[in-house]
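Asker:
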Amino acid sequence: DANQPFLVAFGLDMQTSTILLTFSKAVQGSQMQPTYITLQSDAAGTTSVTLTGALSTTSGNSNLQNITMLSADRDAIDATRVIATNILTSFISIATGFVPDVTGNPSVAIALSNGLQASFYLQDRLNPVLLSANLDMSANTLSLFFSKVVVAATLDVHGIVIQSAANLTGAVLAVRLTSASHISASGNATLINVTLGMQDT
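Each residue of the sequence shown is one higher than the one before, starting from 1212 at the first, in my numbering.
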């Protein structure tokens, strides 16, 4: 069989950062090249992110294959705020030879300028979690590290309380930030830096 395999359809499970691929024939999952995949905001590739690797992939021979994205690639996609926000902004393109079929025929490319739209999309409903914080009083900055990309401009500094102990009991000191403090830079990222105002220091 000299016919090249081609991608018939794909889906996105943003809850698990998984790309689901359906090919025209069985391909060798162990030979997939994740860096050949680009996810884009529309068929024309107006905004796009090319994968730098994969956390995991399926390895068997089948027309159905899955790729779990690296967290760095997932963060890059989320930071665009326009790729894979719903099924209408979920498109894929792949370079020639992304994966061979069981007899070694390379898969057909999908051009960046003619991306394939997702036929399945599962929204990510997991809320971002504050993983850690770093308070630097010499620089008057508070660095907040989140589990996923957040929109810095939406951070309300009035909701931040800096306290001397984990539990507000007894002689614990606490300061709620005021409008004197502000976000150092806007944008979408897993790290937000807050510059503390004089009133809050």
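All residues carry an ideal CB built from backbone N, CA and C; glycine is no exception.
Using a threshold of 8 Å, state whether the C-beta atoms of residue 1245 and residue 1312 are closer than that.
Answerer: Their beta carbons are not under 8 Å apart, which means residue 1245 does not touch residue 1312 by this criterion.
Asker: Grab me the residues of residue 1322's own chain with a C-beta within less than 8 Å of its C-beta, minus the 5 sequence neighbours each way, in chain order.
Answerer: Excluding sequence neighbours, residue 1322 sits near 1304.
Asker: Ignore the nearest five residues each way along the sequence and tell me which others in residue 1428's own chain have a CB closer than 8 Å to its CB.
Answerer: Residue 1428 lies beyond the residue range present for the chain, which begins at 1212 and ends at 1412; the question has no answer from this structure.
Asker: Can you round the beta-carbon distance between residue 1251 and residue 1294 to whole angstroms, since I take them to be within the 8 Å contact cut?
Answerer: Their Cβ separation, rounded to whole angstroms, is 6 Å, which keeps residue 1251 and residue 1294 in contact under 8 Å.
Asker: Counting only the same chain and skipping the five closest in sequence on each side, list residues whose C-beta sits under 6 Å from that of residue 1376.
Answerer: Correct list, in chain order: 1383.
Asker: Tell me, please, whether the stretch 1329-1346 touches the stretch 1251-1269 by the rule of three or more beta-carbon pairs shorter than 8 Å.
Answerer: Contact fails: fewer than three Cβ-Cβ distances are below 8 Å.
Asker: Pull up the DSSP beta-bridge partners for residue 1273, would you.
Answerer: Note: residue 1273 sits in a beta bridge opposite 1238.
Asker: Any idea which residues DSSP pairs residue 1362 with across the strands?
Answerer: Partner(s): 1399.
Asker: Taking only three categories from DSSP, how would you classify residue 1345?
Answerer: Correct three-state label for residue 1345: strand.
Asker: Between the alpha carbons of residue 1232 and residue 1395, how many angstroms are there, rounded?
Answerer: Near 41 Å, if we compare the C-alpha coordinates of residue 1395 and residue 1232.
Asker: According to DSSP, is residue 1292 helix, strand or coil?
Answerer: Residue state, collapsed to three classes: coil.
Asker: For residue 1404, list the residues DSSP reports as bridge partners.
Answerer: Answer is 1354, bridged to residue 1404.
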